[in-house]
Ligand code: GDP
Ligand code: GDP
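In the working numbering, the protein residues as written are 41 to 475.
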């Protein structure tokens with residue numbers, strides 16, 4: 041999927057535009073710092089095309105001295121990692137020095153750039169758009185993110201300018217992405233997987249960018265590693281930026297089936313790990329957690345392992361049914377196990393439960409613990425089935441009053457499914473529908 045980045049100085053209306061384009065007005069940031077980043081990453085659909093949208097503004101550290109430099113670096117990352125850049129300026133403010141700086145960076149890239157003159161709320165405002173020609177980025181698209189006017193034309197233009205994703209020919213084998221924050225050990229583990237044996241690595245040619253898939257075929261395993269080149273090719277200027285690892289992760293996650301999330305054992309789980317975890321969840325991908333650099337940890341007792349595992353699962357709750365492997369990319373301890381587990385998790389993603397068996401197991405459980413009645417009305421679940429041909433295992437429960445079955449009960453049903461069939465690592469859907 042193509043990736044579009046919104047750049048621009050603070051207060052020009054980037055997040056308003058982001059909300060407008062993704063229709064995520066209701067998805068508000070949570071009050072726990074670093075947990076929900078909904079306003080910065082979303083999907084946008086227009087006339088049959090779909091792309092991902094990232095608002096760079098959400099990742100700016102707001103302290104005055106490093107501020108401008110931080111945004112400038114963000115723009116550079118965006119030009120390296122995105123497929124198209126939306127450069128937003130404020131029509132009511134005119135061209136600022138900073139706009140000129142950014143325009144200079146953008147003029148140098150080969151990427152398509154769309155100049156967006158925001159806050160064009162009326163015809164008089166539109167008149168001032170001409171000034172922005174001086175940025176050398178072509179015709180400014182006037183929009184009002186606040187009212188939505190002009191955004192349709194803007195989306196037409198974006199879809200038209202997006203590079204035609206040359207479809208890579210990929211075989212129907214598992215696609216694994218190694219993700220995690222900088223220095224967690226992503227390139228090290230990929231090197232451990234691939235080694236220096238060139239003959240087991242086949243790059244798929246035919247795209248303008250580096251291929252994002254590297255085929256791996258060894259020890260009876262057959263799979264793609266996603267975005268291997270991107271992870272191994274490092275950019276020293278920007279790799280410490282959280283935004284950089286997010287941009288890198290998005291592409292890899294979107295194109296994978298199973299994500300191998302690398303956590304640095306010496307640091308434990310931090311907000312940045314959570315952001316990547318949330319990208320995995322929002323894309324409905326399967327998960328294997330690798331606690332890497334285990335060689336550096338002194339206390340390897342069962343208690344220490346349990347404590348570490350619990351800490352991770354507590355952070356990721358309510359999704360807790362995923363494998364955690366303590367490994368070392370450096371000494372290659374349990375590297376094989378990581379691959380083996382990723383294969384198993386991929387298989388779980390494809391799990392099928394027969395309708396008869398499902399009802400045999402689930403209906404007695406439901407009878408013993410039925411959904412709580414609401415307003416004196418009894419809720420009856422009569423029948424359930426797994427939907428065919430879905431991305432992830434999806435189950436429908438048919439009820440007389442589906443609207444009264446709440447989240448906690450759906451979670452109960454999900455847990456019971458997980459207890460009875462192995463779905464470890466895979467997200468699952470539970471739907472309640474009218475009989
Ligand atoms: P960001 O810092 O670039 O993400 O900017 P925001 O989206 O937070 O918007 C900054 C301010 O500009 C807010 O007060 C918005 O309500 C306002 N704003 C955003 N878009 C428009 C617009 O199209 N017209 C007007 N008049 N105000 C807008
Ligand atoms: P990336 O940024 O996620 O790709 O991380 P790298 O693979 O570049 O690793 C960052 C640093 O951690 C490097 O200095 C690695 O040598 C080191 N490193 C990676 N994995 C391990 C490990 O399992 N044990 C130890 N001791 N060091 C590791």
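All C-beta atoms in this analysis are idealised placements derived from N, C-alpha and C, irrespective of residue type, glycine included.
**Prompt:** What's the call for residue 392, buried or exposed, on a 16-neighbour Cβ count within 10 Å?
**Reply:** exposed
**Message:** Quick check: what's the CA-CA separation for residue 414 versus residue 449?
**Reply:** 13 Å
**Message:** I'd like to confirm something about residue 394: is its beta-carbon nearer than 7 Å to some heavy atom of ligand 2, or not?
**Reply:** no
**Asked** Of the choices 350, 366, 329, whose alpha-carbon is the least far from that of residue 340?
**Response** 366
**Message:** Residues around ligand 1, please: the ones whose beta-carbon is closer than 6 Å to some heavy atom of it, in chain order.
**Reply:** 48, 50, 51, 52, 53, 54, 55, 56, 97, 158, 159, 161, 184, 185, 186
**Message:** With a threshold of 7 Å on Cβ separation, who are the neighbours of residue 147 within its own chain once the five nearest residues in sequence on each side are excluded?
**Reply:** 176, 177
**Continuous alpha helix (DSSP H) stretch holding residue 43: start and end** = First-last for residue 43: 42 to 47, but that is the beta strand (DSSP E), not the alpha helix (DSSP H).
**Asked** What did DSSP end up calling residue 356 once you bin it into helix, strand or coil?
**Response** helix
**Prompt:** Would the beta-carbon of residue 156 fall within 8 Å of that of residue 194?
**Reply:** yes
**Request:** Using beta-carbon positions only, say whether residue 233 and residue 375 come within less than 8 Å of one another.
**Result:** yes
**Item:** Bounding residues of the alpha helix (DSSP H) (the contiguous stretch that carries residue 230)
**Value:** 226 to 234
**Request:** State the DSSP-derived secondary structure class of residue 454, mapped to helix, strand or coil.
**Result:** helix
**Request:** Mind reading off the beta-carbon distance from residue 444 to residue 422? Whole number of angstroms is fine, and I expect it under 8 Å.
**Result:** Their Cβ separation, rounded to whole angstroms, is 15 Å, which puts residue 444 and residue 422 out of contact at 8 Å.
**Prompt:** Around the C-beta of residue 257, are 16 or more other C-beta atoms found within 10 angstroms, so that it is buried, or is it exposed?
**Reply:** exposed
**Prompt:** Can you name, in chain order, every residue of its own chain whose Cβ lies under 6 Å from the Cβ of residue 467, other than the five neighbours on each side?
**Reply:** 324, 432
**Prompt:** Mind checking residue 173: buried by the 16 CB within 10 Å criterion, or exposed?
**Reply:** exposed
**Request:** Please work out which residues of its chain come closer than 6 Å, Cβ to Cβ, to residue 312, disregarding the five sequence neighbours upstream and downstream, and give them in chain order.
**Result:** 221, 282
**Item:** Local Cβ density within 10 Å of residue 475, reported as buried at 16 or more and exposed below that
**Value:** exposed
**Item:** Own chain residues within Cβ distance below 7 Å of residue 170, not counting five before or after
**Value:** none
**Item:** Heavy atom of ligand 2 within 7 Å of residue 224 beta-carbon
**Value:** yes
**Item:** Residues that DSSP places opposite residue 425 in a beta bridge
**Value:** 436
**Request:** State the Cα-Cα distance for the pair residue 83 and residue 57, rounded to the nearest angstrom.
**Result:** 13 Å
**Message:** Given the structure, does residue 333 come close to ligand 2, in the sense that its CB is under 7 Å from one of the ligand's heavy atoms?
**Reply:** yes
**Prompt:** What runs of the beta strand (DSSP E), each 3 residues or longer, lie entirely inside the region 320 to 402?
**Reply:** 326 to 332, 364 to 366
**Asked** Nearest CA to the CA of residue 179: which residue from 253, 379, 418, 168?
**Response** 168
**Item:** Length-filtered (3 minimum) beta strand (DSSP E) runs lying within the region 128 to 212
**Value:** 153 to 158
**Per-residue DSSP class, three states only, for residue 239** = Reliability fails at residue 239, whose pLDDT of 37 lies under 50, so the model's placement of it is uncertain and no value is given.
**Asked** Around the C-beta of residue 263, are 16 or more other C-beta atoms found within 10 angstroms, so that it is buried, or is it exposed?
**Response** buried
**Asked** On the three-state DSSP scale, how would you describe residue 445?
**Response** coil
**Request:** Classify residue 415 as helix, strand or coil using the three-state DSSP reduction.
**Result:** coil
**Asked** Should the region 297 to 306 be called in touch with the region 123 to 132, which here means at least 3 C-beta pairs below 8 Å?
**Response** no
**Prompt:** Can you name, in chain order, every residue of its own chain whose Cβ lies under 6 Å from the Cβ of residue 395, other than the five neighbours on each side?
**Reply:** 425
**Where residue 480 falls, given that 16 or more other Cβ within 10 Å makes a residue buried** = Here the chain comprises residues numbered 41 to 475, so residue 480 is not present and cannot be evaluated.
**Request:** Look up residue 54 in the DSSP assignment and say whether it is helix, strand or coil.
**Result:** helix
**Asked** Taking just the CA atoms, how far does residue 330 sit from residue 462?
**Response** 20 Å
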